[in-house]
Amino acid sequence: MRKSFVVSMLTVGVLLGGCQAVNTTSGGAVGVQRQQYMFSMLSTDEVNKMYAQSYQQTLGEASSKGVLDKSSNDAKRVQAIAKRLIAQAPQFRPDAAQWNWEVNVIKSDELNANCGPGGKIIVYTGLIDQLQLTDAEIAAVVGHEIAHALREHSREAMSKAYGVEMARQGAGAIFGLGQDSMAMADTVVNYAMTLPNSRSNENEADLIGLELSARAGYDPNAAITLWNKMSKASEGAPPEFMSTHPASSSRIASLQAAIPKVMPLYQAAKK
């Protein structure tokens, strides 16, 4: 009993010591200021490299199937819109200007899009075509995804998953972590990256994405019409996007409340 208590306290102590309190982005006009806790042994670069490998594998599979879209109107639209959004990313974190951004479109009926760690963007044509998205609505969804990457929500989720795994394995796992960090990463990365986003993470992505779109010259009101379309699409079989980006009854209200904060940025960008 006493030995178990000592090991548990040691585990807690090392976990707490291994966490860093950070704020990955500036607050912007929308005022995102939540402090985040990241596992210090899981660096931004490490997560970016892990995701880059997965991203290249996805592109390779799409290319082999002939569905990697480089030339359609959808692909050209996404590339042009993403370029404008990416140019605004350093407003929230200057180091994003040095990220190796990639933007790709995959031909699929899937209603989905994502931007992984380090700026790896994929948009599926089903999202654009089935929902008949305007350029501003595409900007809203891609801006939302970019915001997840800027805030390192995947690394944050992985940090939490590390904590759970380490607590489960006990203190012995902690002391071996230096050699086995990548092995443990493999056990948590899929879990962490496929979980539904928390309400706070979703709200942050909504707000930062809204500001990115406005700064890039896209009408922020498109975020409202986008989520109305998403909600309607989820009435049947929920699209893949909704499995990791759950709808919230307060989402549209929060966006509507934030639009006046970013409207001057949109108006300035349109001049």
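Whatever position you read off the sequence shown (first residue = 1), add 40 for our numbering.
Note that the Cβ used here is the ideal one computed from N, Cα and C, for glycine as well.
For ASN140, tell me which candidate among ALA254, LYS116, ASP85 and ALA120 has the shortest Cα-Cα distance.
ASP85
**Request:** Compare the Cα-Cα distances from LYS105 to each of TYR95, GLN119, GLY68 and LYS147 and report the closest residue.
**Result:** LYS147
Start-to-end residues for the alpha helix (DSSP H) that takes in MET90:
84 to 104
* Length of the line joining the Cα atoms of SER253 and PHE79 -> 31 angstroms
Problem set entry | Opening and closing residue of the beta strand (DSSP E) in which ALA61 lies | 59 to 62
query: When you compare each of TYR77, VAL145, VAL70 and ARG239 to GLY249 by their alpha carbons, which one comes out closest?
result: VAL70
Q. Less than 9 angstroms separating the beta-carbons of ASN246 and ALA263?
A. According to the sequence as given, residue 246 is Asp; it is not Asn. Result yes, Cβ atoms of ASP246 and ALA263 sit closer than 9 angstroms.
>> Per DSSP, what are the beta-bridge partners of ASP109 in this structure?
In response: VAL145
Rounded distance between the beta-carbons of ILE161 and GLU185, thought under 8 angstroms: 7 angstroms
(request) Alpha carbon to alpha carbon, how far is LEU171 from TRP267? Give it in angstroms, no decimals. (result) 11 angstroms
Are there 16 or more other CB atoms within 10 angstroms of the CB of GLU244, so buried, or fewer, so exposed? buried
Between which two residues does the beta strand (DSSP E) containing GLY156 stretch? 153 to 156
Practice task
Less than 8 angstroms between the CB atoms is what I'm expecting for ALA256 and ARG124, so what's the real figure, rounded?
Solution key: 4 angstroms
- request: Name the two residues that bound the continuous beta strand (DSSP E) containing TYR258.
  value: Premise fails: TYR258 is in no beta strand (DSSP E) and is neither H nor E.
List the whole-angstrom C-beta distance separating GLY183 from PHE132, where the pair is believed to meet the contact cut-off of C-beta under 8 angstroms.
That belief does not hold up - the Cβ atoms of GLY183 and PHE132 are roughly 11 angstroms apart, past 8 angstroms.
So GLN73 is in the alpha helix (DSSP H); what residue range does that whole segment cover? No alpha helix (DSSP H) holds GLN73; DSSP gives it neither H nor E.
> For TYR202, which residues does DSSP report across the bridge?
Replying inline: None; TYR202 has no bridge partner.
* Identity of the residue in SER274, MET270, THR265 and LEU305 nearest GLN296 by Cα -> THR265
Taking just the CA atoms, how far does ASN63 sit from LEU99?
31 angstroms
| query | Is DSSP giving LYS160 helix, strand or coil here? | reply | strand
For this session: Classify MET78 as helix, strand or coil using the three-state DSSP reduction.
Result: strand
Is LEU99 near the ligand MG, judged by its Cβ being under 8 angstroms from some heavy atom?
With respect to small molecules bound, the structure shown includes none, and the ligand MG cannot be examined in it.
### Query
For MET303, which of helix, strand or coil comes out of DSSP?
helix
Practice problem: Note down the Cα distance separating GLN60 from GLN76, rounded to an integer number of angstroms. | Solution: 8 angstroms
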